[in-house]
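Colleague: If you scroll down you'll find the structure; I have some questions about it.
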Amino acid sequence: HHAHDHTHDPGVSSVSIVCEGEMDLEKADMWLGNLLLERSDDIYRMKGLLSVSGMPQRFVFQGVHDIFQGSPDRMWEANEPRINKIVFIGRNLNREELEMGFKDCLLK
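Everything in the sequence shown is counted per UniProt numbering, starting at 1 for the first residue and increasing by one.
Rendered as structure tokens:
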């Protein structure tokens with residue numbers, strides 16, 4: 001460890017959100033896209049895994065500042081719980097706001 005390690009900026013935190021259910025990919029895409037546009041200075045990185053309605057593969061994505069990309073990954077295992085998980089790393093992250101936005105993208 002040396003003194004000039006800036007990774008421990010006290011303002012930087014990570015928020016991870018996990019929820020079950022089927023994601024509406026279009027909604028999630030719009031929400032994440034808007035979030036990154038509005039908060040690109042605050043959100044350094046995000047990554048996640050979605051269980052998308054009608055898609056047999058896990059959908060994985062990641063974003064750095066305002067660049068966001070995702071693609072289908074391997075198939076879900078038969079006994080694997082289909083969960084949605086997202087991790088944000090950045091400053092001034094509001095967990096409630098992020099969690100509400102994320103859960104809002106679930107198919108009702």
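For every residue, glycine included, the Cβ atom is placed at its ideal position computed from N, Cα and C. Quick caveat: nothing in here was measured; it's all calculated off a predicted structure.
1) In three-state DSSP terms, what is Met75?
2) Per the DSSP calculation, Asn84 is bridged to which residue(s)?
3) Near Gly48, which residues of its chain fall below 6 Å by C-beta distance, leaving aside the five closest residues on each side in sequence?
4) May I ask you to list the residues that DSSP assigns as paired with Met100?
5) Excluding the 5 residues flanking Gly70 on each side, which residues of the same chain have their C-beta closer than 7 Å to its C-beta?
6) From the DSSP output, which residues share a beta bridge with Ser14?
7) Considering only the alpha carbon of each residue, which of Met30, Phe88, Val64 and Leu50 lies closest to Asp73?
8) Considering only C-alpha positions, which residue in the set Cys19, Val12 and Ser40 is nearest to Arg82?
9) In the DSSP assignment, the beta strand (DSSP E) including Met46 goes from what residue to what residue?
10) Could you tell me how far apart the beta carbons of Ile17 and Glu99 are, in whole angstroms, since I believe they sit closer than 8 Å?
11) What three-state label does DSSP hand Leu107 in the structure shown?
Modeller: If we stick to the structure as given:
1) strand
2) Cys19
3) Phe61, Lys85 and Ile86
4) None; Met100 has no bridge partner.
5) Phe59, Val60 and Phe61
6) Ile89
7) Leu50
8) Cys19
9) Ile43 to Leu50
10) 5 Å
11) coil
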